[in-house]
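First the structure, in the form of structure tokens, and then the observations on it.
There are 2 protein chains.
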Amino acid sequence: VLSMTAQVLQIIRRAGSPLSKAEIATQTGISLSAVSDHIERLLVQNIIVASNIGVSSGGRKPKQYSLNAGFGCILSVEMGTAHAQVALTDFDCRILFMKTSSIRIDEGPEAVLNHIYTMVKQLMEDNGIEKVSVKGIGMGIPGPVEFSTGRPISPPIMPGWDGYPIKSFWSAFFECPCYVDNDVNNMALGEYSKGLSFGTNNMIYVKVGTGIGSGLIYDGRLYRGATGGAGDIGHFDVGSPVMCWCGNKGCLEAAAGGKAIVTKAQEMALAGKSEYLLQIVQEKGTVGVEHIEAGLLRLDPVSIELVRESGSAIGRVLAAIVNFSNPSLISIGGRVSEFGDLFLAAIRQSVYHRSLPLATRNLVINKSVLGSSAGVIGGAFMTIDQLIIQATDEKVETFPI
Amino acid sequence: VLSMTAQVLQIIRRAGSPLSKAEIATQTGISLSAVSDHIERLLVQNIIVASNIGVSSGGRKPKQYSLNAGFGCILSVEMGTAHAQVALTDFDCRILFMKTSSIRIDEGPEAVLNHIYTMVKQLMEDNGIEKVSVKGIGMGIPGPVEFSTGRPISPPIMPGWDGYPIKSFWSAFFECPCYVDNDVNNMALGEYSKGLSFGTNNMIYVKVGTGIGSGLIYDGRLYRGATGGAGDIGHFDVGSPVMCWCGNKGCLEAAAGGKAIVTKAQEMALAGKSEYLLQIVQEKGTVGVEHIEAGLLRLDPVSIELVRESGSAIGRVLAAIVNFSNPSLISIGGRVSEFGDLFLAAIRQSVYHRSLPLATRNLVINKSVLGSSAGVIGGAFMTIDQLIIQATDEKVETFPI
Numbered sequence: 594v595l596s597m598t599a600q601v602l603q604i605i606r607r608a609g610s611p612l613s614k615a616e617i618a619t620q621t622g623i624s625l626s627a628v629s630d631h632i633e634r635l636l637v638q639n640i641i642v643a644s645n646i647g648v649s650s651g652g653r654k655p656k657q658y659s660l661n662a663g664f665g666c667i668l669s670v671e672m673g674t675a676h677a678q679v680a681l682t683d684f685d686c687r688i689l690f691m692k693t694s695s696i697r698i699d700e701g702p703e704a705v706l707n708h709i710y711t712m713v714k715q716l717m718e719d720n721g722i723e724k725v726s727v728k729g730i731g732m733g734i735p736g737p738v739e740f741s742t743g744r745p746i747s748p749p750i751m752p753g754w755d756g757y758p759i760k761s762f763w764s765a766f767f768e769c770p771c772y773v774d775n776d777v778n779n780m781a782l783g784e785y786s787k788g789l790s791f792g793t794n795n796m797i798y799v800k801v802g803t804g805i806g807s808g809l810i811y812d813g814r815l816y817r818g819a820t821g822g823a824g825d826i827g828h829f830d831v832g833s834p835v836m837c838w839c840g841n842k843g844c845l846e847a848a849a850g851g852k853a854i855v856t857k858a859q860e861m862a863l864a865g866k867s868e869y870l871l872q873i874v875q876e877k878g879t880v881g882v883e884h885i886e887a888g889l890l891r892l893d894p895v896s897i898e899l900v901r902e903s904g905s906a907i908g909r910v911l912a913a914i915v916n917f918s919n920p921s922l923i924s925i926g927g928r929v930s931e932f933g934d935l936f937l938a939a940i941r942q943s944v945y946h947r948s949l950p951l952a953t954r955n956l957v958i959n960k961s962v963l964g965s966s967a968g969v970i971g972g973a974f975m976t977i978d979q980l981i982i983q984a985t986d987e988k989v990e991t992f993p994i
Numbered sequence: 594v595l596s597m598t599a600q601v602l603q604i605i606r607r608a609g610s611p612l613s614k615a616e617i618a619t620q621t622g623i624s625l626s627a628v629s630d631h632i633e634r635l636l637v638q639n640i641i642v643a644s645n646i647g648v649s650s651g652g653r654k655p656k657q658y659s660l661n662a663g664f665g666c667i668l669s670v671e672m673g674t675a676h677a678q679v680a681l682t683d684f685d686c687r688i689l690f691m692k693t694s695s696i697r698i699d700e701g702p703e704a705v706l707n708h709i710y711t712m713v714k715q716l717m718e719d720n721g722i723e724k725v726s727v728k729g730i731g732m733g734i735p736g737p738v739e740f741s742t743g744r745p746i747s748p749p750i751m752p753g754w755d756g757y758p759i760k761s762f763w764s765a766f767f768e769c770p771c772y773v774d775n776d777v778n779n780m781a782l783g784e785y786s787k788g789l790s791f792g793t794n795n796m797i798y799v800k801v802g803t804g805i806g807s808g809l810i811y812d813g814r815l816y817r818g819a820t821g822g823a824g825d826i827g828h829f830d831v832g833s834p835v836m837c838w839c840g841n842k843g844c845l846e847a848a849a850g851g852k853a854i855v856t857k858a859q860e861m862a863l864a865g866k867s868e869y870l871l872q873i874v875q876e877k878g879t880v881g882v883e884h885i886e887a888g889l890l891r892l893d894p895v896s897i898e899l900v901r902e903s904g905s906a907i908g909r910v911l912a913a914i915v916n917f918s919n920p921s922l923i924s925i926g927g928r929v930s931e932f933g934d935l936f937l938a939a940i941r942q943s944v945y946h947r948s949l950p951l952a953t954r955n956l957v958i959n960k961s962v963l964g965s966s967a968g969v970i971g972g973a974f975m976t977i978d979q980l981i982i983q984a985t986d987e988k989v990e991t992f993p994i
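One line per chain: the protein sequences are B and C, in this order. Counting from 594, one number per residue, gives the positions in the first sequence under the working numbering. Counting from 594, one number per residue, gives the positions in the second sequence under the working numbering.
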């Protein structure tokens, strides 16, 4: 349970606009005089700021309070299998500075994290950011995480990372706390809090990249499941004959992920089904998602067919998820989502065909608006959430700890 | 947001054992002196009671507080398509008196609700319960519900009930508030709060009756979805050729529900595959689930095969749900769950075969312990929850409103 001061801070932070003491009292159930005490404490800490722009109800205008976005920086790191993004954000999760670099996750935690730390140091130096300004570190990784400890749990595509103490790595360089979550959870939280949320409280964010995963916002909160594994849709059976790395056949990921698309494209190129793709194979040696994307623009029939098939398979799984979870928004992100309208249309068609009418009555299915920034933005949001919660856990009534 | 008094009441109510003021202060983040004020207010209302059985830490033993189970009665009604259960419970959701009767839901809301009201009146008269003792009414119905208004929304197996104002029906007879939810949601809440919960916060309750549905407890709270439709697993595609009432082929419900089992049993009896079942058809004209159950005990191969096939299909869908929702407990209830070990074993086998190892690491799959009482117990729990919330919404600091 949050301390009262932390509850007041959360209400202020999550509101879209500045709040008066009376509004805070109404929304928390705390008495007006107690709200004043908490506000005073937060003002002294400089974590909130006051403004006088409230609407007057006759007398002088009431003061309003909002988060001090400039309170400090959050270091947010989004790690994929082949790329890492490093961002410094303010306390409103706006990206101040960002840097991207190639990595190879199978080089293991020491090598990869040292490389990322070098990026961080460079980004901070280039922009004159002192370590003391960084109040928290948030990281997203492409595998299941035990959130309380920040350790990867048997991550299938991160060889060498199982159980690695990522938090300890960062604490050698920074004094502030570090939090680690699954990458798609961070993306879902980013899209929910700062992206396309339509005021909805029930949202599923689907990342279609090399693999396929999802992050779940239920009743306004990120749902991680009993052991941090919630949102796995990659292994739903779509009846395809392809063998998946998990040992089963028919998995969605093996049929419709980015890797599946390029593998099939290569096969069809070599089978002489597409001149365009054959030329790519001959010139580059291999087909990448960027070539499929270009193929769509050139109206290459095989590229179009593969993307439509992928969207259709994803839609069949989402149809079941829609019946089961009854969200009001599905946000589609990840590299493959950038294929655009054709891909989205195939997903929608499949969902509306197969879901129950009641479940789709008010359902919106859209492309993520934060794009490739969803992860770092959500990582920063998650980190600030945790800083507030941790202040309570350690029985400290002040923020930051 | 709950008022502070209501928050204190919820903490006391949900604790398994009496709490001291200090424990309440720790769990709510409210100061000890404020806790004392709230406790005083609740004691005056008689909704909590004090005891002196706490462990002394040197001085006199601290007083402890618990819910006054005898504060009043809840009227809890569980309505199926063919039966209705009417129960009076205390404030600890224990069933004091119960009555069951046959109904025909397709006779429409007026006829059915009047019949149920007659049952209620009889039950109260027989046991000397006055109307004034009934503090709230909770009802579960076999279809989607808009929870805020208590109206059924396009319920597929309740002809004539769409949009019917069930709350208004009850308010003609009782002055206390009435709340209506989907039947499986009530069962899930019952099993979670008073049944087999192992201290878990993430549970899925699956009802296998004529149809198949589920209720979801995520992070300790019932999840209803954006429009009250969450938990629908009956229309997951299991690849069967049977047409479902929803217009699609392959739905789980059409392949593995109680109705599907007896339909197939009858076909196989007439095809001469089972002497036992043929005899039933000749004697009774039709096969019921009770005959399949008896067939299991007599080792009738067709009954065994049908039950195993049903469990296996349900397990395939639950495997996907386990990956996606990562629960720590799946509780199986409903009439078909009473088929026993063979049915449960088929479900487990399918789930462990197809789910990711990480998701099943600590997963328990068990039969519901509340059995056919889960719905009325959960309906009472839901009602008390809402009484507490409503006391806040209407800005009343006292309970009951």
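Beta carbons: idealized from backbone N, C-alpha and C, even for Gly.
- Query: Is any beta-carbon of chain E found at less than 8 angstroms from that of residue 612 (chain C)?
  - Reply: This model lacks chain E altogether, as its protein chains are B and C.
- Residue from B:928, B:626, B:850 and B:733 whose Cα sits closest to the Cα of residue 772 (chain B): In the first sequence, residue 772 (chain B) corresponds to position 179, counting from 1. Per the Cα distances, B:733.
- Query: Any idea what DSSP makes of residue 751 (chain C), helix, strand or coil?
  - Reply: As a working note, residue 751 (chain C) is residue 158 in the second sequence. DSSP places residue 751 (chain C) in coil when its eight states are reduced to three.
- Task: Output the boundary residues of the alpha helix (DSSP H) element that contains residue 631 (chain C).
- Result: Taking the first residue of the second sequence as position 1, residue 631 (chain C) is located at position 38. Run containing residue 631 (chain C): 625-638, per the alpha helix (DSSP H) assignment.
- Task: Flag this pair as yes or no: are the beta carbons of residue 675 (chain B) and residue 658 (chain B) separated by less than 8 angstroms?
- Result: Position 82 of the first sequence, counting from 1, holds the residue named residue 675 (chain B). Position 65 of the first sequence, counting from 1, holds the residue named residue 658 (chain B). Result no, Cβ atoms of residue 675 (chain B) and residue 658 (chain B) do not sit closer than 8 angstroms.
- Task: Have a look at B:704, B:891 and B:934 and flag the residue whose alpha-carbon is nearest the alpha-carbon of residue 905 (chain B).
- Result: One-based indexing of the first sequence puts residue 905 (chain B) at position 312. Ranked by how close their Cα comes to the Cα of residue 905 (chain B), the residues B:704, B:891 and B:934 have B:934 in first place.
- Who are the neighbours of residue 820 (chain B) on chain C, taking C-beta pairs under 8 angstroms? Along the first sequence, one-based indexing puts residue 820 (chain B) at 227. Those within 8 angstroms of residue 820 (chain B) in chain C are 919, 921, 951, 952, 954 and 955.
- residue 898 (chain C) versus residue 880 (chain C) - alpha carbon distance: By one-based count along the second sequence, residue 898 (chain C) stands at place 305. By one-based count along the second sequence, residue 880 (chain C) stands at place 287. Approximately 16 angstroms, taken between the alpha carbons.
- Task: Using DSSP bridges, identify the partner residues of residue 844 (chain B).
- Result: Translated into the one-based positions of the first sequence, residue 844 (chain B) becomes position 251. Paired residue(s): B:830.
- Query: Touching or not, the stretch 953-968 of chain C and the stretch 708-717 of chain C, by the rule of three or more beta carbon pairs under 8 angstroms?
  - Reply: Flag = no, the stretch 953-968 of chain C and the stretch 708-717 of chain C do not touch.
- Cβ contact (3+ pairs, closer than 8 angstroms) linking the stretch 967-982 of chain B and the stretch 845-860 of chain C: no
- Taking C-beta pairs closer than 8 angstroms, name the residues in chain B that residue 737 (chain C) reaches, listed in chain order. Taking the second sequence and counting its residues from 1, the one referred to as residue 737 (chain C) is at position 144. Proximity of chain B to residue 737 (chain C) at the Cβ level (cut-off 8 angstroms) is accounted for by 951, in chain order.
- Task: Quick one: grab the DSSP three-state call for residue 964 (chain B).
- Result: Here residue 964 (chain B) refers to the residue found at position 371 of the first sequence. Residue 964 (chain B): helix per DSSP, three-state reduction.
- Got a sec? Which residues, its chain only, sit under 6 angstroms from residue 896 (chain C) by beta carbon, not counting five neighbours each side? For the purposes of this step, residue 896 (chain C) is taken as residue 303 along the second sequence, with counting starting at 1. Within the same chain, Cβ atoms closer than 6 angstroms to the Cβ of residue 896 (chain C) are found at 885, 888 and 889, the five residues on either side in sequence being excluded.
- residue 846 (chain C) versus residue 962 (chain B): straight-line alpha-carbon distance, rounded: Counting from 1 along the second sequence, the entry for residue 846 (chain C) is found at position 253. Counting from 1 along the first sequence, the entry for residue 962 (chain B) is found at position 369. For residue 846 (chain C) and residue 962 (chain B), the gap between their C-alpha atoms comes out near 37 angstroms.
- Item | Beta-carbon spacing of residue 827 (chain C), residue 806 (chain C) below 8 angstroms | Position 234 of the second sequence holds residue 827 (chain C). Position 213 of the second sequence holds residue 806 (chain C). Closer than 8 angstroms, so yes.
- Interface partners of residue 691 (chain C) on chain B, CB under 8 angstroms: Within the second sequence, residue 691 (chain C) is the residue found at index 98, counting from 1. Those within 8 angstroms of residue 691 (chain C) in chain B number zero; the least Cβ separation is about 31 angstroms.
- Backbone secondary structure at residue 728 (chain B) - three-state DSSP: For the purposes of this step, residue 728 (chain B) is identified with residue 135 of the first sequence, where counting begins at 1. It is a strand residue.
- Message: Please classify residue 791 (chain B) as buried or exposed, where buried requires at least 16 other C-beta atoms within 10 Å of its C-beta.
- Response: Start at 1 with the first residue of the first sequence, and residue 791 (chain B) comes out as number 198. Its Cβ having fewer than 16 others within 10 Å, residue 791 (chain B) is exposed.
- Could you confirm whether any beta carbon from chain B is found closer than 8 angstroms to the beta carbon of residue 853 (chain C)? What you label residue 853 (chain C) is simply residue 260 of the second sequence in a count that begins at 1. Taking Cβ atoms only, chain B never reaches closer than 8 angstroms to residue 853 (chain C), which makes this a no.
- Message: Residues of chain B with CB closer than 9 angstroms to the CB of residue 751 (chain C), please, in chain order.
- Response: To locate residue 751 (chain C), count along the second sequence from 1; it is residue 158. Result: empty, since nearest Cβ-Cβ is about 13 angstroms, beyond 9 angstroms.
- Task: Measuring alpha carbon to alpha carbon, tell me which of B:628, B:668, B:673 and B:679 ends up nearest residue 656 (chain B).
- Result: Position 63 of the first sequence, counted from the first residue, corresponds to residue 656 (chain B). The option with the nearest alpha carbon to residue 656 (chain B) is B:628.
- Within-8 angstroms CB hit, residue 975 (chain B) to chain C: Position 382 of the first sequence, counted from the first residue, corresponds to residue 975 (chain B). No - not a single Cβ of chain C is within 8 angstroms of the one on residue 975 (chain B).
- Task: Would you tell me roughly how many angstroms separate the C-alpha atoms of residue 787 (chain B) and residue 671 (chain B), rounded to the nearest one?
- Result: Sequence index remark: in the first sequence, residue 787 (chain B) carries index 194 (1-based). Sequence index remark: in the first sequence, residue 671 (chain B) carries index 78 (1-based). Each residue's alpha carbon lies about 17 angstroms from the other.
- Query: Apart from the five residues just before and just after residue 624 (chain C), which ones in its own chain have a Cβ nearer than 8 angstroms to its Cβ?
  - Reply: For this step, residue 624 (chain C) is matched to residue 31 along the second sequence. Contacts found: 618.
- Message: Looking at chain C, is there any beta carbon in it that lies within less than 8 angstroms of the beta carbon of residue 913 (chain B)?
- Response: Taking the first residue of the first sequence as 1, we reach residue 913 (chain B) at position 320. Yes, residue 913 (chain B) counts as interfacial toward chain C.
- Message: If distances are taken between C-alpha atoms only, which option among B:927, B:910 and B:951 comes closest to residue 940 (chain B)?
- Response: As a working mapping, residue 940 (chain B) is identified with position 347 in the first sequence. Nearest C-alpha to residue 940 (chain B): B:910.
- Item | residue 778 (chain C) beta carbon less than 8 angstroms from that of residue 818 (chain B) | For the purposes of this step, residue 818 (chain B) is taken as the residue at position 225 of the first sequence. For the purposes of this step, residue 778 (chain C) is taken as the residue at position 185 of the second sequence. Not closer than 8 angstroms, so no.
- Message: If the criterion is Cβ atoms closer than 8 angstroms, does the pair residue 621 (chain B) and residue 637 (chain B) meet it?
- Response: The residue given as residue 621 (chain B) occupies position 28 in the first sequence. The residue given as residue 637 (chain B) occupies position 44 in the first sequence. Contact flag unset, no.
- According to DSSP, is residue 613 (chain B) helix, strand or coil? In the first sequence, the residue the question calls residue 613 (chain B) occupies position 20. It is a strand residue.
- Going by the CB atoms, is the gap between residue 983 (chain B) and residue 758 (chain B) shorter than 8 angstroms? On the first sequence, residue 758 (chain B) is found 165 positions in, with the first residue counted as 1. On the first sequence, residue 983 (chain B) is found 390 positions in, with the first residue counted as 1. No, these two residues do not count as a Cβ contact at 8 angstroms.
- How would you call residue 799 (chain B), buried or exposed, if buried means at least 16 neighbouring beta carbons within 10 angstroms? In the first sequence, residue 799 (chain B) corresponds to position 206, counting from 1. The residue in question, residue 799 (chain B), is buried, as its Cβ has 16 or more Cβ neighbours within 10 Å.
- Whether residue 774 (chain C) touches residue 829 (chain C) by CB criterion (8 angstroms): Here the question's residue 774 (chain C) lines up with position 181 in the second sequence. Here the question's residue 829 (chain C) lines up with position 236 in the second sequence. No, the Cβ-Cβ distance between residue 774 (chain C) and residue 829 (chain C) is not below 8 angstroms.
- Message: Quick check on the burial criterion: 16 or more other C-beta atoms within 10 angstroms. Buried or exposed for residue 598 (chain C)?
- Response: Working through the second sequence from its first residue, we reach residue 598 (chain C) at position 5. Its Cβ being crowded by 16 or more others within 10 Å, residue 598 (chain C) is buried.
- Message: What are the residues in the stretch 669-690 of chain C lying within 8 angstroms of chain B by C-beta distance?
- Response: Identification of residues in the stretch 669-690 of chain C having a C-beta nearer than 8 angstroms to some C-beta of chain B yields an empty set.
- Message: Could you check whether the Cβ of residue 640 (chain C) sits closer than 7 angstroms to any heavy atom belonging to the ligand ATP?
- Response: The ligand content of the structure shown is nil, which means the ligand ATP is not present either.
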